[in-house]
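To convert a position in the sequence shown, counted from 1, into the working numbering, add 118.
Each residue gets a CB set at the ideal place from its N, CA and C atoms; glycine is no exception.
Quick caveat: nothing in here was measured; it's all calculated off a predicted structure.
Structure record follows, encoded as structure tokens.
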Amino acid sequence: MGDDGKISTEKQEYERDQFWATTSNKQLNFLQHIVSELKVGGSAAVVLPDNVLFEGGAGETIRRELLKRCNVHTILRLPTGIFYAQGVKANVLFFERKEASETPWTKDLWIYDLRTNQHFTLKTNPLATKDLTDFIKVYSPKNLAKRKESDRFKKFSYDEIVARDKANLDIFWLKDESLEDTENLPPPAELAADIVASLEVALEEFRAVEDSLDSSKVM
Numbered sequence: 119m120g121d122d123g124k125i126s127t128e129k130q131e132y133e134r135d136q137f138w139a140t141t142s143n144k145q146l147n148f149l150q151h152i153v154s155e156l157k158v159g160g161s162a163a164v165v166l167p168d169n170v171l172f173e174g175g176a177g178e179t180i181r182r183e184l185l186k187r188c189n190v191h192t193i194l195r196l197p198t199g200i201f202y203a204q205g206v207k208a209n210v211l212f213f214e215r216k217e218a219s220e221t222p223w224t225k226d227l228w229i230y231d232l233r234t235n236q237h238f239t240l241k242t243n244p245l246a247t248k249d250l251t252d253f254i255k256v257y258s259p260k261n262l263a264k265r266k267e268s269d270r271f272k273k274f275s276y277d278e279i280v281a282r283d284k285a286n287l288d289i290f291w292l293k294d295e296s297l298e299d300t301e302n303l304p305p306p307a308e309l310a311a312d313i314v315a316s317l318e319v320a321l322e323e324f325r326a327v328e329d330s331l332d333s334s335k336v337m
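Quick look at the structure:
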């Protein structure tokens with residue numbers, strides 16, 4: 119609040135030479151920052167919320183650049199119930215930074231679905247090492263050519279991915295049994311958390327539109 123009593127807000131948009139897009143979305147900036155800090159040949163495994171996989175605008179720009187400039191070889195779809203906030207949906211992105219190239223470095227993206235029809239809680243049924251055994255077995259980062267598809271592990275080519283609307287990486291194929299079993303729906307708190315998360319993503323997109331309109335007025 120200023121001396122005149124008016125309240126001003128900081129948009130918190132970060133513009134850096136190494137960034138592919140300017141955005142107020144902290145998760146997208148977090149991802150861009152990690153890529154900018156990686157040395158060529160360096161690898162990263164980053165936990166990110168679902169909206170990073172499908173958000174439009176800056177999100178689409180960042181995903182397309184990431185697929186071109188890095189070898190994004192694996193996404194692990196994490197289950198809900200493993201974080202303190204109910205209903206948090208997150209993923210682990212595994213990628214390697216590469217040198218400049220005219221052709222995209224990502225050839226095939228493998229997605230492991232550890233979320234669909236999986237139910238965990240922090241106290242009564244926490245995620246354990248045994249639940250990750252299959253993923254660890256099939257991950258095989260040093261020999262991607264020997265990977266084999268399974269019910270939970272699928273391969274998608276670069277062309278398939280970039281042809282999707284907004285280069286959406288939120289890909290799933292397993293049938294969610296909970297959607298048909300109305301007697302075993304997720305707890306109300308989890309459903310409410312999902313709604314809140316969706317509204318927050320929508321609000322971020324509306325803010326991005328508002329910011330772009332404000333910028334056009336200045337020009």
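CA-to-CA, the gap between Leu-146 and Asp-231 works out to about 22 Å. In this structure, Thr-141 is the residue among Thr-141, Lys-186, Glu-155 and Gly-159 with its C-alpha nearest to the C-alpha of Val-170. The straight-line gap separating the alpha-carbon atoms of Leu-250 and Ala-208 is approximately 15 Å. The three-state reading of DSSP puts His-151 in helix, counting H, G and I together.
Taking a C-beta distance under 7 Å as the contact criterion, Cys-188 and Trp-223 qualify as a contact pair. Gly-177 has its alpha-carbon roughly 22 Å from the corresponding atom of Lys-273. Straight through space, the alpha carbons of Val-206 and Pro-167 are spaced by roughly 8 Å. The Cβ atoms of Ser-154 and Gln-136 lie closer than 7 Å to each other. For the pair Ala-218 and Ala-163, the Cα-to-Cα distance works out to about 21 Å. Ala-281 and Phe-212 have their C-alpha atoms roughly 21 Å apart.
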